[in-house]
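Asker: Here it is: the structure, laid out below.
Residue numbers (my numbering): -18 to 134.
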């Protein structure tokens, strides 16, 4: 079965459930003020490009690109369903998002992820794609629960 990645512009129950699980999964990793995942309404805002990865009828991943300023976007809501982790879906989704940004002439892609051990596989994925740690960007502030990374495209 082929992984299909598509842009999402409307709310669905499946997507709401998937993102609720994302927020629930992150809850033990940091206090609320240090968790920066967008709710579905934020992901459907005009300044955000939300994508889902589907394997057949199963939603297996999400990822989004949020415009911060012209030429600079933020990677948001990268998640692979726990039952599908370790199969390369996150890597394929991230590659798709990087290509989408390049096609649109985005110059810099930045992200915020957690500093807890839970997020080490994500940080390793980002490093493997060329992201390097940086300081806070956009409206973020230094936070011991956050790791900031950036990539020049």
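In this text, a Cβ means the ideal position worked out from N, Cα and C, and glycines have one as well.
Just the Cα atoms here: how many angstroms apart are residue 22 and residue 52?
Answerer: Cα-Cα distance, rounded: 23 angstroms.
Asker: Do the region 33 to 42 and the region 2 to 12 make contact, defined as three or more Cβ pairs closer than 8 angstroms?
Answerer: No, the region 33 to 42 is not in contact with the region 2 to 12.
Asker: With 16 as the cutoff for other CB atoms within 10 Å, does residue -18 come out buried or exposed?
Answerer: Looking at its Cβ environment, which holds fewer than 16 other Cβ atoms inside 10 Å, residue -18 is exposed.
Asker: Compute the distance between the beta-carbons of residue 99 and residue 43, then report whether it is under 8 angstroms.
Answerer: The answer is no: Cβ separation not under 8 angstroms.
Asker: Mapping DSSP to helix, strand and coil, what is residue 89?
Answerer: Here residue 89 sits in strand by DSSP.
Asker: If you run the structure through DSSP and keep just helix, strand and coil, what is residue 45?
Answerer: In the structure shown, residue 45 sits in a strand (DSSP, three-state: E or B).
Asker: State the CB to CB distance for the pair residue 40 and residue -4, rounded to an integer number of angstroms; the pair is presumed to be in contact (CB under 8 angstroms).
Answerer: Rounded, the Cβ-Cβ distance is 7 angstroms, consistent with contact.
Asker: Identify every residue that forms a DSSP beta bridge with residue -1.
Answerer: BP columns for residue -1 are empty, so no partner.
Asker: The alpha helix (DSSP H) spanning residue 70 covers which residue range?
Answerer: Unbroken alpha helix (DSSP H) run through residue 70: 70 to 84.
Asker: Out of curiosity, what's the CA-to-CA distance linking residue 70 and residue 89?
Answerer: Using only the alpha carbons, I get a separation of about 23 angstroms.
Asker: Exposed or buried, residue 17, counting other C-beta atoms within 10 Å across all chains shown (16 or more means buried)?
Answerer: Label assigned to residue 17: buried.
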